[in-house]
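Chemist: What follows is a structure written as structure tokens; I'll ask about it next.
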Amino acid sequence: MTAVASPARPAPSVRTTRHWRWTQPAIVLLVGAAVLLVVRPGPFDLRVLTLVAAYAIAAVGFNVLVGFAGVVSIGNSLFLAAGGYAWAILAVPRGPLVALLAGVVVAGVIAVLAGLALLRLRAYYFAVGTLALGALGTVVMRNWTSVTNGDAGITGAGYLKLFGLTGVSSIFAAAVVLLAVFLYLQEALRTSPLGLAMIVGRFDPPAADALGVNVSRTRVAAFVLSAVSAAVGGALVAQLAGGAFPDQFSTTAAISLLVIPIIGGRGWRWAPVVGAVVVIAAPEYLRFLDEYRLAVYGVLVTLVALFLPGGIHQLVRGLVAWVGRRRHG
Amino acid sequence: MADRTTLSARGLAVAFGALRAVDGVDVEVAEGQCVGVVGANGAGKSTLLNLLSGAVRPDAGTVTVVENGRSHRLDGAPGRARARLGIVRMFQTARLVPDLSARENVELGVPAPRGAWLEALGLPTSRRRADARRRAAEDALARVGLADRAGIAAGELSLGQQRLVEMARSLASGARILLLDEPFSGLSRTAREVVASLIASLRDEGVGVLLVEHDLAQVRLLADRVVVLDAGRVLAAGPVEETLADPEVVRRYIGDIELEIGGGLDDARPAPPVVAVPVPAPLDPAPRPPVLQVRDLRVFYGAVPAVDGVDLAVAAGDGLGIVGPNGAGKSTVLRGVAGLLTATGSVRLAGERLDGTATPHRFRHGLGFVPQTLTAVVDLSVEENLRLGWLAGSRAQSFAEAMERVGDLFGEIAGRRKDPAGALSGGQRQMLAIARALVAGPRVVLLDEPTAGLAPVLVAPFADALTRLRADGVAVVVVEHNLGLVRATCSTILGLRAGAPVWSGPTERFDGAAAHEVFLAATAPARTGPSPIEPSPIEPSPIEEEHLSS
Amino acid sequence: MRPLRRTGLAAALLTVTAVLAACSTGTDASTQATTTAPAAPGNAITIGIDLPLSGQSAAPAETMRKGFELTAEEINAAGGVNGTPIALDIQDDAGDPTTGVALVDRFVQNGAVAIAGTYNSPVVLAQSDAVARAEIPQLAFAISSAITKKNNPWVFQTGPTDLGQIDGIVARLQSQGLTKPALLTDTTAFGAGAKPVLEQGLAAAGLTPVLSDTFAVDATDLSAVLLKAKQSGADHVIAWTVGPPYATLAKGAEQVGLGLPIVGTASAADPAVARLAGPAATNIFFQDAVNREKPQVKAVVEKWSAEFGGTVPSDALSAHDILTVIVDGIRAVGPDRAKLRDHLETYRNPDLLSGRIGSVWEYSPTNHVGLVGGNLVWKQYDNGTVRLADGS
Amino acid sequence: MTQAAYFVVIGLGVGSVYALSGLGIVTLFAGSGLANFAQGDFMVLGALVAVNVVGAGFGYLPALAAAVVVVAAAGLVLGGLFTLPMRHRRVDVDVVIIGTLGVATTMTTLSGIWFGRQPQRLDSPLAGSFIPIGDLQVPAHYALLLVGAALVFGVVHWFHRHTDIGLQLRAVASSVPAARDAGVRVGRMLVVAWTIAALVGGVAGVLVASVVPIAPEAALPLGVNGFAAAIIGGLASPAGAVVGGLLIGVAEALAGGYLNDTLRQAVAPVVLLAVLILRPGGLLGRSRTVRVA
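Chains as they are written, first to last, in the numbering used here: chain L, 6 to 334; chain F, -1 to 548; chain D, 428 to 819; chain B, 25 to 317.
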């Protein structure tokens, strides 16, 4: 993997205090509760926020994959679909836990097999390999009518009822709780030996090998983690739409998943949340642009990709440094 | 002795294309023992280390580790299998992750027990193991004197401090055998002492150390036994004092850089080195105007000044040799003059100012450059590489005429015109690189370590080509380790150390004392102005090859 | 302090797992009832238009959008609804069910009186619960009969649905004496949804397909599946797909020398078929929702032909009808969702553009499909031009 | 037997659509090391420009010329944009992929707004004439496509092998540091690589428009199919892209003919995955750049 060129700038000293492991989920839960109890947004805004949370969960695994292990995949829509269809088929008859677990297990197994088969390849080749995987997934979703009911999709999938809430608020609450759990796991992974092994594996594979790190195994692990979180995200998307349809889990969904950590800032603990807000909410609130909505969104993505490789994290770091300088200057 | 962990290699050999880098080497290092491996640049020291550490797979020979009674064959195993058996390798340049803190970089070295991946789930039970790892890392950092820098991002530390963090990582890894690749290169004198004392205390604690180093002073201090390599073969091995005194070793290895070895060997003045080329006829003494003039050249790596205020000048038909220890900034000067690195200071060629312009512009105005690594574009054929050189040049002559002139200088590669450059041997590629620079019709040619990796037998014809080049009126600036070659082909010499000029003058006056001062820094380097940064104990200096050729 | 910390952490973990275990799967609709009244009279009356403006169905969506906009201009030019102008809130659902469901809430939140849309059946099916919960009338132009089967009181269809078209097809097959159909359906929701209904309709009429195969709408060449049809001994081909694939089928038929008539859906009226296939578009029969000889149709086509550069697509004309139905309703009962819904169930209008001369667009409490089956007119492609089919 | 021959010829025609798209992707990758997901949009832009020029009454060749000029200009602008960040630091893969995906989204939307979303057809000079195979007949412009693909490949191959610019492009593709040391103007060569890839895209778009209905939404599938063709050839060799494209085309046609259409749709991804797993260097490519350390 080509080395990630971290922009040369005086980064503040890295005080990886462990408090982030609890504070970040706590902040997310607090904001979620505030949205539900205080802000009380209209049904459309709440639905968009729930979609943001769902894609943020899927993006946590992707943040690990791109940010920690430095692996690029454009086929994760397959894992979203695994979670979505498992939920749509199993949620009502077998209850929510079985549906979530089934989606996660199916996605995990596919990820392990695909990972072992494809992860020996270099960047472009792996990325296009996952693109083919996603395309194959769409063909299966469309044509395996006995299970997926083809293009008409499966309707009547229930939703996670939590804390006595009903409708989208309940899905939103479930999404926020699950997001908090996944963010906790992301932070725990960052400071664990596996997380450090992934990071050194991305930055300098020969040195990692000399340290006893099995680089390809850490990459497969990262790929499986991204599949697991995508499955949970997919289940929530299916709940939102009240069913699972092939058009929900197409290549455009996989591209959105890839864009979220890039715009947020690869590897940054807030990248999944911030990235999801930009990638999912922005187009909804750009609707006033009507026809030019997607054109503006495309330009934004290209400019961030080319001129702001660190994403929004780079802006935040610049701001913090600037504030720091003004205070001491 | 049986239960002591020992790493032993028998008959190790590997060849890169035609060059036999390591050719049937036996070496052994046991716990509590320090074995030095010395040899000229390109003798195969680093390649041997790569073979032992699993980075490179040997063509022949075995690598076995005996660890508390059990012996493991490792020659096929990847690097990570050896790391788990307590064999830790340190690279020549500090390989830390800049975004992670010093402590986290050291924690990477702490061996993780079987169930370590469970910790990724963040279960409260794994808190104990995480704290233990943290403490081990902080203790190791304390031992190298960087306890207060534990939280700083590795990218923020100076190169010397990064090297110490890597040493701390080896300490924390509880290594039984340590493979060190030139740990002292690029360090200031005080830092050398810190690292040397660390290695000594490790050895006394029972760790086996294999020390690849060309700074003989340190080898004498630390090693119990030494192995002298020359062109991939073991020239001599045994206790340090006798081996280094062996006349054959002195002639073949030490004589080469005419070094006054502390004690005993002051008056040994060996015959001039193998190159038996007649010194060019003395040119007319009246100094002609310099065709290339560089004033106050400065090159920065981030905030670290790699080259600090270098001046040089060379007239048409003259040859300037730039010499100095590893990491002195020699290549950086050349790349700075060629515009491949952002540099300040004036560069004037035949009166025209070139500083601030892009490299293609400088080539067009008569500057030729022969890089050390990546000398040719491997996918293109020999003729296409030459054409590439001609396109970048002044195009004063037509391509056919230029090829004609180069053809007689390097007949050998002219014959392989249609072959891809990748198929040429190391030496032939070097010739191609020079031919490519010449075909552009340059007035000045910069050569960056042209004989590195070249088999000794090719050095003589190479020196011959350089001399004929100068006879054609082309000015030559060559960075070279092989002092014999410099003496045979250059009229003036510039000595560099730690990015600053320490000696300059005609070749005749470059005697043992000058070499001593340039290579061993007997006296503090005469710094021209106050160095821009506060004088930190560890002088920064770049490690050019590794950094640039990535 | 250590044991306390560990128990605290264990307690936290326990609550999380307990919460997850306690939750169940609710099946009631996942949208809230909303109380926001539609836009106050005085400023414009908002009508929500939901179209798949991006994605695979972008072409027909663009045509319908132009139809809606032209109709709105005419209505506002003629004084709007009892003096109040109408405003179209046009949104793109990109054919994605999740976005479609979200847009229902958005239309409601922005005070739309009614929703016209959308084009793709899976999205309308997904929106069904949301529309019922939001209590806003929806006039969908997706034709899957699965929508009708849901019997959602708030959802109306333009029709004819696939059921309606199939009755027409079976009637024609019998009148033409064609007995051995080769059934080709596309793999989108449009084809996959209609396949079972089609097979039932044919079985009811005693016709068993000699071949039943599928094809992809974005295929570059469909001659392979047509060759199978030719060799299957069928005496005609029934092709169930959206507009442009009929051009690919026409070219494929020419390549393999099919020689059999191709019976298609109303989507074959899409001008893209003639534009893409040129003279190859021949021997294709379809029931067109619009009869070009109808006076009302002639009037609108004259006004709009400049806008569409020649032939005005049927999609645009059906958009005209949809907006007319909604505006007639608002004119009768005012911008109130519940009253509009009730009124729509009594709506009857014989002189809309769609349907044969004399056909009636009619809703009733038990029938939410505007144009019932028999109201369509058979047309056929003849060397690239469309004309009334002989014997229609 | 004629049926099999018919399917193979149709497969070669459809395969040359993939080959033409793959050629554009390989030209850019071989010139700059970048993979372009917006290649399909270059083709669609070229085709739509040509359709409008023909619509305005001009002939096929002026339309082809106009398309090539417009798309090459777009390539030049994008080349400049994509080269800026690469001047002073290394750019890595996921960033470039996102960059080209962003360009693809923007171009698809803008083409939709400017040219409308209705699928268009462009009649090649050979429209209406057929090549009979037994009682089946193949439209002549399938052959035109095949010839077009071969011609474009020939020109690209000749340009890379026998011109100074082509030489410098190949040097940059082989290794940027080595090219820079040799005095090649790397920044300028990257812009040239983009322009040539756009040129190939423009020509390919016009050729393809006679077979595939061209609509802005068809851009991404075209680009992805081109990737499949290029990867099978090893992503670095133009010949590989042509062979890869034809291989997929024929495999799809035969699968469609003898099996069913579902399997036809699965052919491209399955063949791509098989090649990546079994011969990651591609059937013709060298595996030099493929293995991870």
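Idealized CB from N, CA, C, for every residue including glycine.
#1: For Arg18 of chain F, which three-state DSSP category applies?
#2: In chain order, what residues of the stretch 91 to 116 of chain L put their CB closer than 7 Å to some CB of chain D?
#3: In whole angstroms, give me the CA-to-CA distance for Val331 of chain F and Arg427 of chain F.
#4: Mind listing which residues of the stretch 94 to 106 of chain F have their C-beta closer than 7 Å to chain L's C-betas, in chain order?
#5: Check the Cβ-Cβ distances between Gly851 of chain D and every residue of chain L, and say whether any is below 8 Å.
#6: Give me the Cα-Cα distance between Thr60 of chain F and Gln216 of chain F, rounded to the nearest whole angstrom.
#7: Listed in chain order, which residues of the stretch 292 to 303 of chain L have Cβ atoms closer than 9 Å to some Cβ of chain B?
#8: Pair every Cβ in the stretch 161 to 180 of chain B with every Cβ in the stretch 99 to 107 of chain B, then say whether three or more of these pairs are closer than 8 Å.
#9: Is Leu566 of chain D helix, strand or coil by DSSP?
#10: For Val227 of chain B, tell me which candidate among B:Phe31, B:Gly79, B:Ala54, B:Val93 has the shortest Cα-Cα distance.
#11: Under 8 Å between beta-carbons, which chain F residues line up against Ala4 of chain L? List them in chain order, please.
#12: Is the stretch 263 to 272 of chain B close to the stretch 58 to 77 of chain B, with three or more CB pairs under 8 Å?
#13: Start and end of the alpha helix (DSSP H) containing Thr487 of chain F?
#14: Which of the three DSSP states is assigned to Trp581 of chain D in this structure?
#15: Identify the residues that DSSP records as bridge partners of Arg223 of chain F: which are they?
#16: Cβ closer than 8 Å: which chain F residues qualify as neighbours of Asp209 of chain L?
#17: Run through chain B and tell me which residues come within less than 8 Å of Val652 of chain D, C-beta to C-beta.
#18: For Gly327 of chain F, which of helix, strand or coil comes out of DSSP?
#19: Measuring only between beta-carbons, confirm whether Gly140 of chain B sits less than 8 Å from chain D.
#20: Indicate whether the contact test is met: 3 or more Cβ pairs, each with one atom in the stretch 594 to 612 of chain D and one in the stretch 625 to 634 of chain D, closer than 8 Å.
#21: Name, please, each residue of chain L whose Cβ falls closer than 8 Å to the Cβ of Ala252 of chain B.
#22: Starting from Arg533 of chain D, find everything on chain L with Cβ-Cβ shorter than 7 Å and list it in chain order.
#23: Which of the three DSSP states is assigned to Gly811 of chain D in this structure?
#24: Is it the case that the stretch 783 to 801 of chain D contacts the stretch 572 to 589 of chain D, given that we only count it when at least three CB pairs across the two stretches are under 8 Å?
#25: Listing by chain order, which chain B residues have their CB less than 8 Å from the CB of Ala259 of chain L?
#26: Can you check which of these residues, D:Arg560, D:Asp589, D:Ala699, is closest to Arg141 of chain B by C-alpha distance?
#27: Ordered along the chain, which non-local residues of its own chain (more than five positions away) have a Cβ less than 7 Å from that of Ser124 of chain F?
#28: Using CA coordinates, which residue listed in F:Asp417, F:Asp377, F:His363 is at the minimum distance from Val443 of chain F?
#29: For Asn509 of chain D, count the other beta carbons within 10 Å of its own beta carbon; 16 or more makes it buried, fewer makes it exposed. Which is it?
#30: Whose C-beta lies closer than 7 Å to the C-beta of Glu382 of chain F among residues of the same chain, with five residues either side of it excluded?
#31: With 8 Å as the threshold, decide whether the Cβ of Gln351 of chain B is near any Cβ in chain D.
#32: Could you spell out the range, first to last residue, of the beta strand (DSSP E) harbouring Leu160 of chain B?
#33: Straight-line CA distance for Ile267 of chain L to Thr143 of chain L?
#34: Reducing DSSP to helix, strand and coil, say where Tyr164 of chain L ends up.
#35: Once the 5 residues before and after Tyr84 of chain B are set aside, which same chain residues still bring their CB inside 6 Å of it?
#36: Quick one: list the residues of chain B neighbouring Ala743 of chain D, beta-carbon separation under 9 Å, in chain order.
Modeler: Quick answer:
#1: In the second sequence, residue 18 of chain F corresponds to position 20, counting from 1. Correct three-state label for Arg18 of chain F: strand.
#2: Ala96, Val97, Gly100, Pro101, Leu102
#3: Reading the second sequence from its first residue, position 333 is the one you call residue 331 of chain F. Reading the second sequence from its first residue, position 429 is the one you call residue 427 of chain F. C-alpha separation (whole angstroms): 23 Å.
#4: Val95, Pro96, Asp97, Leu98, Ser99, Glu102, Glu105, Leu106
#5: Shown here, chain D extends from 428 to 819; a query on residue 851 of chain D therefore has no answer.
#6: Residue mapping note: residue 60 of chain F aligns to position 62 of the second sequence, counting from 1. Residue mapping note: residue 216 of chain F aligns to position 218 of the second sequence, counting from 1. C-alpha separation (whole angstroms): 29 Å.
#7: Glu296, Tyr297, Arg298, Leu299, Ala300, Val301, Tyr302, Gly303
#8: no
#9: As a working note, residue 566 of chain D is residue 139 in the third sequence. Leu566 of chain D: strand per DSSP, three-state reduction.
#10: Translated into positions along the fourth sequence, residue 227 of chain B becomes position 203. For the residues B:Phe31, B:Gly79, B:Ala54, B:Val93, the minimum Cα distance to Val227 of chain B belongs to B:Val93.
#11: The displayed coordinates of chain L run from 6 to 334. Any statement about residue 4 of chain L would go beyond what the structure contains.
#12: no
#13: Indexing the second sequence from 1 puts residue 487 of chain F at position 489. Here the alpha helix (DSSP H) through Thr487 of chain F covers 481 to 487.
#14: Here residue 581 of chain D is taken as the residue at index 154 of the third sequence, counted from 1. It is coil, neither helix nor strand.
#15: Within the second sequence, the letter at position 225 stands for residue 223 of chain F. DSSP output for Arg223 of chain F lists F:Val33, F:Pro237 as bridge partner(s).
#16: Taking the first sequence and counting its residues from 1, one reaches residue 209 of chain L at position 204. Residues of chain F passing the Cβ test: Arg93, Val95.
#17: In the third sequence, counting from the first residue as 1, residue 652 of chain D sits at position 225. Simply Gly280, Asp285.
#18: Numbered from 1 along the second sequence, position 329 holds the residue referred to as residue 327 of chain F. Coil, per DSSP.
#19: Here residue 140 of chain B is taken as the residue at index 116 of the fourth sequence, counted from 1. Answer yes: the Cβ-Cβ gap between Gly140 of chain B and chain D drops below 8 Å somewhere.
#20: yes
#21: Reading the fourth sequence from its first residue, position 228 is the one you call residue 252 of chain B. What Ala252 of chain B touches in chain L: Val133, Ala137.
#22: Indexing the third sequence from 1 puts residue 533 of chain D at position 106. Result: Phe49.
#23: Looking up residue 811 of chain D in the third sequence gives position 384. In this structure, Gly811 of chain D counts as coil in the three-state DSSP scheme.
#24: yes
#25: As a working mapping, residue 259 of chain L is identified with position 254 in the first sequence. Correct list: empty, because the minimum Cβ distance to chain B is about 10 Å.
#26: For the purposes of this step, residue 141 of chain B is taken as the residue at position 117 of the fourth sequence. Cα-wise, what sits closest to Arg141 of chain B is D:Ala699.
#27: Residue numbering aside, residue 124 of chain F sits at position 126 when the second sequence is read from its first letter. So the qualifying residues of the chain are Leu116, Glu117.
#28: If you number the second sequence from 1, residue 443 of chain F lands on position 445. Out of F:Asp417, F:Asp377, F:His363, F:His363 has the C-alpha closest to the C-alpha of Val443 of chain F.
#29: As a first step, residue 509 of chain D is located in the third sequence; it is residue number 82 there, counting from the start. Per the 10 Å Cβ criterion, exposed.
#30: Within the second sequence, numbered from 1, the residue matching residue 382 of chain F stands at position 384. Once the five neighbours on either side are set aside, Glu382 of chain F has no close Cβ partner at all.
#31: Nothing about residue 351 of chain B can be read from this structure; chain B reaches only from 25 to 317.
#32: Within the fourth sequence, numbered from 1, the residue matching residue 160 of chain B stands at position 136. Taken as a continuous stretch (DSSP letters only), the beta strand (DSSP E) holding Leu160 of chain B covers 160 to 163.
#33: Counted from its first residue, the first sequence places residue 267 of chain L at position 262. Counted from its first residue, the first sequence places residue 143 of chain L at position 138. Looking at the two C-alpha atoms, the distance is approximately 25 Å.
#34: Counted from its first residue, the first sequence places residue 164 of chain L at position 159. The answer is strand: DSSP assigns Tyr164 of chain L an E or B state.
#35: As a first step, residue 84 of chain B is located in the fourth sequence; it is residue number 60 there, counting from the start. Only Pro149 meet the Cβ criterion.
#36: Walking along the third sequence from the start, residue 743 of chain D turns up at place 316. By Cβ distance, chain B contributes nothing, its closest Cβ being about 12 Å from Ala743 of chain D, past 9 Å.
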